[in-house]
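*Asks:*
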Amino acid sequence: MEKNKKALRSIFGLSMLFSALLSGLSSCGQAQEKSNSVRAGEWPEETRTSKPWTRWWWMGNAVDKENLTALLGEYEDAGLGGLEIAPIYGAKGFEDRFLEHLSPEWMDMLQHAVSQADSLNMGIDLTQGTGWPFGGHMVSPEMAAQRMIVQKYRYTEGQGLDRAIVLEDRRASRFKYDLHTLMAYKDETVENLTDKVIDSLHLDWDAPGSWDLIAIFQAQTGQMVKRAAPGGQGFTLDHYADSAVQQYLGHFEKAFEQDFPGIRSFYNDSFEVYGADFTASFFDFFEQKRGYDLRDHLPRLFADEPDENSAWLKSDYRETIHDMLLENFTIPWTKWANSHGKLTKNQAHGSPGNLLDLYAAVDIPEGETFGSSYFPIPGIRRDSADIRNVDPDPIMLKFASSAAHLTGKNLVSTETFTWLGEHFKSAFSQAKPELEQAFLAGVNHMFYHGVTYSPEEVDFPGWLFYASLNLNTHNSLWPHFKGFNAYIQRVQSVLQAGNPDHELMMYWPVYDIWSDPEGLSKMLTVHGIDEWLHPTAFYQESKMLMDKGFGLDFVSDKMIESLQVDGEQFVAANGSYRSQVLIVPEADYLPVSTLQNAITLAENGGTVIFQKAPREVPGFKDHSARREALESLWSELEFGGMSFGKVAVKGKGKLVLAENIFQALEGLGLQRESLVDEGLKFVRRDLNGEKYYYLVNHSGTPVNKFIPLRYGAKAAVLMDPEQGKIGLGSIKATDGKESVLVNLAPGKSLIIHVLQKEPGRIPDWRYESSTPEIVPVKGPWRLTFQNGGPELPEPVTLDAIKPWTELDDVAASDFSGQALYESSFELGPVKEGDKYVLNLGQVLESALVWINGQQVGYAFGIPFKLDITDFVQEGSNQLSIEVANLMANRVRYLDQNEIVWRNYHEINFVNIDYGPFDASEWETMPSGLSGPINLEIHH
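Residue numbers (the working numbering): 101 to 1039.
(1) When the Cα of D899 is compared with those of P890, F915, G236, E922, which residue comes out closest?
(2) I believe G453 touches L413 by the beta-carbon criterion, under 8 Å. Please report the beta-carbon distance rounded to the nearest angstrom.
(3) Grab the span of the beta strand (DSSP E) containing W157 for me, first residue to last.
(4) Given this structure, state the Cα-to-Cα distance separating G740 from A748, to the nearest angstrom.
(5) Between which two residues does the beta strand (DSSP E) containing T514 stretch?
(6) With DSSP run on the structure shown, which of helix, strand or coil describes T1040?
(7) Report yes if the C-beta distance between R1006 and Y392 is below 8 Å; otherwise report no.
(8) What do you get for G260, buried or exposed, if any count of 16 or more other CB atoms within 10 angstroms of its CB means buried?
(9) For the candidate residues Y548, A344, D559, P635, whose alpha-carbon lies nearest to that of L994?
(10) Counting Cβ pairs, one atom from each stretch, are 3 or more of them under 8 Å apart for the segment 1005 to 1020 and the segment 562 to 582?
(11) For Q978, write down the residues that DSSP places opposite it in a beta bridge.
(12) What number of angstroms, rounded off, separates the C-alpha of V854 from the C-alpha of L511?
(13) Where do the ends of the alpha helix (DSSP H) carrying S642 lie?
(14) I need the boundaries of the beta strand (DSSP E) containing N221, first residue and last residue.
(15) Exposed or buried, N997, counting other C-beta atoms within 10 Å across all chains shown (16 or more means buried)?
(16) May I ask you to report which of helix, strand or coil DSSP gives N446?
(17) Can you give me the C-alpha to C-alpha distance between H505 and A698, rounded to a whole angstrom?
(18) Say yes only if the C-beta of F402 is nearer than 7 Å to one or more non-hydrogen atoms of the ligand PLP, and no if none qualify.
(19) For E419, which residues from the same chain have a beta carbon less than 7 Å from its beta carbon, with the 5 sequence-adjacent residues on both sides left out?
(20) For T256, does the count of other Cβ atoms within 10 angstroms reach 16, so buried, or fall short, so exposed?
(21) Going by beta-carbon coordinates alone, are E522 and I1012 separated by less than 8 Å?
(22) Where do the N-terminal and C-terminal ends of the alpha helix (DSSP H) with D457 fall, by residue?
(23) Tell me whether the beta-carbon of T516 lies closer than 8 Å to the beta-carbon of F539.
(24) If you draw a straight line from the C-alpha of A919 to the C-alpha of S1030, how long is it?
(25) Alpha carbon to alpha carbon, how far is N797 from I421?
(26) Use the C-beta contact count for E1048: other C-beta atoms within 10 angstroms, 16 or more gives buried, fewer gives exposed.
(27) Shortest alpha-carbon distance to L645 belongs to which of N760, L171, K192?
(28) How far does the alpha helix (DSSP H) with N843 in it extend, from its first residue to its last?
(29) Could you spell out where the alpha helix (DSSP H) holding M659 opens and where it closes?
(30) Under the rule that 16 or more other beta-carbon atoms within 10 Å means buried, what is H627, buried or exposed?
(31) So, helix, strand or coil for K752, using DSSP?
(32) Judging by CA-CA distance, which residue of L944, D934, V373, D359 is the nearest neighbour of F971?
(33) What is the C-beta distance between S240 and A264, in whole angstroms, given that I count them as a contact (C-beta under 8 Å)?
(34) State the DSSP-derived secondary structure class of D295, mapped to helix, strand or coil.
(35) So what does K965 bridge to, in DSSP terms?
(36) Report yes if the C-beta distance between K151 and N570 is below 8 Å; otherwise report no.
What follows is the structure, given as structure tokens:
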């Protein structure tokens, strides 16, 4: 084994353990490791939640205490703050080590993992089940996910039924099913025949004339838990049935008894219960919520040519499904977890509900990134054959972050890097901009997807999950993982401090989706955003306003109902969230109550912008009366013309009707962040009146100028999250605003701490000039292969820098691991105030640099540059660069030599297109340093 195993960590002591246990919870059930006081010139406190976490697959639950202890030590050393245990299927050949889920032996391993994590000040979350979605052997057919199967019949007096009332769906008939409802319709007459069925051909009913009958069969979807671990196999849960959910939770209650594990939270993956559109109590629940019996209107609900009545009925149906998911699963699940001192972490997407309200009902909302974006950053390699072309739209992530912000929850997590690219071909330089997109969308508690538990005896590449970035300890990038994690930790320490600071709230017209006359159940998935999100005015206006430099969050009807107004600001979550304007984008449907709430908010001092006048209400019951009420409310508003639209003064505030929302905001005097005009992206936090800006340059153009900030400043502290350097920035007044001098190359990020008072003694920030003095590092270079395989190539001396894959050495072409490039360079007098930057050129893929025997830091993203000012000296300087490449070349070697490394139960390892994986035909991935390597001296 070529891995260098770390020494096992000792117990930190009872005081640290006690602190770790307390840090996970607050009285409201929300993880609150939140900095509310930060000294200027310092990073916020490092906590377990400011560090990145990861999903941790237990394959076959084949875990043991020795490996758990050793691996947790390595994870902590790499900078991880916690792990989310996800039991799944196992590797073949290790069946004798499999542990049954929730068995005493499994519980012992869980408790050991939690204890070891606590001793390292790490947290543990737990998937409540195995694989996904929730389910298992404890789920009986009666508790399992249900679907509605509709069959239409004809009944004629004297002839009876046109055919037998039997389930005609052969697949559904393989599972438990029942005739749930039988309804008869003739003109305007409706009769419920459910209790009049004698057998499939006979009814205890004799009616004159001809009737249309609709039979509703309740059938299991048949979906089983996907990727289940031993002891976790079984049917998927019926999330809509309160009794099924309570029985499911009761199973865990009994399994844990009085010895609940010291985990932080229970986790639920994205809903994805396919075809689940019904449950036994649906019609009764519907009537309770919507005020009428849906069974009376089934012909319109299931019409072959749907009309507006169909749309209204389907809206009510979808809203009811949402209510069942929220009230029978999400809320009870969170209450149950909180009653045991645990949190809930939930992915609401993939469900048929209102995502904002579902996210808001849990302690830690979690989004998901799937696939890879395009960034015009020079140097990021994009091979179309190796990239999953799914746009991970950051606006999709804002559903989770908005719900957290509006309900006062500090943490927003994300399942990060699911299928970033083809296995073994994804570098930190590709992952970094994707992660920054998530940060900009409000995520501040990222989870890798992920790390697989792999015992020490399993050789390269270790146990692997089939759909993942696969950042395990066997990964050739693992020794440099701590550098990437340190960057994440610094950013998240800022993004978890204070409160979100956004000017706008954008109403999400969910009823437009629910009122679609086509289909029935609507699954709002990450992969379906081209259908349900992108075409909407809500999306287009949100994106436009963000691009123009406004911060915004999304709000639901329920969230609007809970808003208050303080002065001219909207206030939510007990004052922790404030915003200035509520926007209602163009929408086909708006509830009367939402319009009334908007008017009330305006009366109390708020400003509400409508892009279009509301014209229709959702839902079926009393539709005409409610539409009239909507029109009446709107007609009572007295709008006067303005240059940017129409304004109706109402009480202390106003309502604005303006098709061009941006012009309306300008007309109202709302200021934006003009820094976006330079190609920069940002997110802003408020910390007791001081502001943190997280800036990212995802454009292809460097920024080197004074950037105006919306908020005035006495001082601005610049903070580099990659190297951790801090300095006092240069400020000048421009057009009545303070501007901060910013150097930001494409691919770089920067944090600006805007202060309202003079700071203490902080060294000045060292800026870079546009025309630095260049000192080439020419060599010769000594190249030594340190760690990796399949074998270590021989050391070589290079006259000029080049990748090791260009050597005339087959072993080097197959090699994945770490190699050391060593050389030296000469410097004249080192001048005070100059900045010395090492430009590594093209790094394939990550570099760790030492100058004169002192470790400088990691270069893992574009541009591969490091500030080495504090390490250089006059005369000779020794330069050492450790480069870690990708796993791809070694995996190719395994497949070319038919060495078996993928052999799993249920699903074998697959490629990015979910086909059979085979790396034997891959081209060699360039590895090492391409250069040129230069020293830049900025005077």
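Glycine included, every Cβ here is placed at the ideal spot set by N, Cα and C.
*Replies:* Let me spell this out:
(1) Numbered from 1 along the sequence shown, position 799 holds the residue referred to as residue 899. Checked all of P890, F915, G236, E922; the closest Cα to D899 is E922.
(2) On the sequence shown, position 353 is the one that residue 453 refers to. On the sequence shown, position 313 is the one that residue 413 refers to. The Cβ separation is near 18 Å, so there is no contact.
(3) Sequence index remark: in the sequence shown, residue 157 carries index 57 (1-based). Looking at the DSSP string, the run of the beta strand (DSSP E) that includes W157 is 153 to 159.
(4) Residue mapping note: residue 740 aligns to position 640 of the sequence shown, counting from 1. Residue mapping note: residue 748 aligns to position 648 of the sequence shown, counting from 1. Each residue's Cα considered, the two are about 6 Å apart.
(5) Numbered from its first residue, the sequence shown carries residue 514 at position 414. Membership of T514 in the beta strand (DSSP E) is indicated by the continuous run 513 to 518.
(6) For the chain, the structure presents residues 101 to 1039; residue 1040 sits outside this window and is missing.
(7) Here residue 1006 is taken as the residue at index 906 of the sequence shown, counted from 1. Here residue 392 is taken as the residue at index 292 of the sequence shown, counted from 1. Note that residue 1006 is Glu in the sequence shown, not Arg. No, the pair does not count as a contact, with Cβ atoms beyond the cut-off.
(8) Here the question's residue 260 lines up with position 160 in the sequence shown. By the 10 Å Cβ count, G260 comes out exposed.
(9) What you label residue 994 is simply residue 894 of the sequence shown in a count that begins at 1. Per the Cα distances, D559.
(10) yes
(11) Here residue 978 is taken as the residue at index 878 of the sequence shown, counted from 1. S924.
(12) As a position in the sequence shown, residue 854 is number 754, starting the count at 1. As a position in the sequence shown, residue 511 is number 411, starting the count at 1. Taking the straight line from one Cα to the other gives about 23 Å.
(13) Within the sequence shown, residue 642 is the residue found at index 542, counting from 1. 637 to 647 is the span of the alpha helix (DSSP H), which, as asked, contains S642.
(14) Within the sequence shown, residue 221 is the residue found at index 121, counting from 1. Premise fails: N221 is in no beta strand (DSSP E) and is neither H nor E.
(15) In the sequence shown, counting from the first residue as 1, residue 997 sits at position 897. Label assigned to N997: exposed.
(16) Locating residue 446 in the sequence shown gives position 346, counting from the first residue. Note: N446 maps to strand in three-state DSSP.
(17) As a working note, residue 505 is residue 405 in the sequence shown. As a working note, residue 698 is residue 598 in the sequence shown. Cα to Cα, H505 sits roughly 20 Å from A698.
(18) Ligands in the displayed structure: none, and consequently the ligand PLP is not present.
(19) Looking up residue 419 in the sequence shown gives position 319. Closer than 7 Å at the Cβ level, and outside the excluded window around E419, lie W614.
(20) On the sequence shown, position 156 is the one that residue 256 refers to. Looking at its Cβ environment, which holds fewer than 16 other Cβ atoms inside 10 Å, T256 is exposed.
(21) Here residue 522 refers to the residue found at position 422 when the sequence shown is read from its first residue. Here residue 1012 refers to the residue found at position 912 when the sequence shown is read from its first residue. Yes, the Cβ-Cβ distance between E522 and I1012 is below 8 Å.
(22) Position 357 of the sequence shown holds residue 457. Run containing D457: 455 to 460, per the alpha helix (DSSP H) assignment.
(23) Counting from one through the sequence shown, the residue named residue 516 turns up at place 416. Counting from one through the sequence shown, the residue named residue 539 turns up at place 439. Cβ atoms of T516 and F539: not closer than 8 Å.
(24) Translated into positions along the sequence shown, residue 919 becomes position 819. Translated into positions along the sequence shown, residue 1030 becomes position 930. One C-alpha to the other measures close to 14 Å.
(25) Counting from 1 along the sequence shown, the entry for residue 797 is found at position 697. Counting from 1 along the sequence shown, the entry for residue 421 is found at position 321. The alpha-carbon separation between N797 and I421 amounts to approximately 42 Å.
(26) The chain is shown only over 101 to 1039; residue 1048 falls outside these bounds and no answer can be derived.
(27) Here residue 645 refers to the residue found at position 545 when the sequence shown is read from its first residue. The residue from N760, L171, K192 with its alpha-carbon nearest to that of L645 is N760.
(28) Along the sequence shown, one-based indexing puts residue 843 at 743. Counting along the chain, N843 falls outside any alpha helix (DSSP H), though it belongs to the beta strand (DSSP E) covering 837 to 844.
(29) Taking the first residue of the sequence shown as 1, we reach residue 659 at position 559. First-last of the alpha helix (DSSP H) with M659: 657 to 662.
(30) The residue labelled residue 627 in the question sits at position 527 within the sequence shown. Answer is exposed; the Cβ neighbour count stays below 16.
(31) Here residue 752 refers to the residue found at position 652 of the sequence shown. K752: coil per DSSP, three-state reduction.
(32) Here residue 971 corresponds to residue number 871 of the sequence shown, with the count starting at 1. Out of L944, D934, V373, D359, D934 has the C-alpha closest to the C-alpha of F971.
(33) Locating residue 240 in the sequence shown gives position 140, where the first residue counts as 1. Locating residue 264 in the sequence shown gives position 164, where the first residue counts as 1. S240 to A264, Cβ: 28 Å. No contact.
(34) The sequence position of residue 295 within the sequence shown is 195, counting from 1. If DSSP states are grouped into helix, strand and coil, D295 belongs with the helices.
(35) As a first step, residue 965 must be located in the sequence shown, where it is residue number 865. N939.
(36) Sequence index remark: in the sequence shown, residue 151 carries index 51 (1-based). Sequence index remark: in the sequence shown, residue 570 carries index 470 (1-based). For K151 and N570, no; Cβs fall outside 8 Å.
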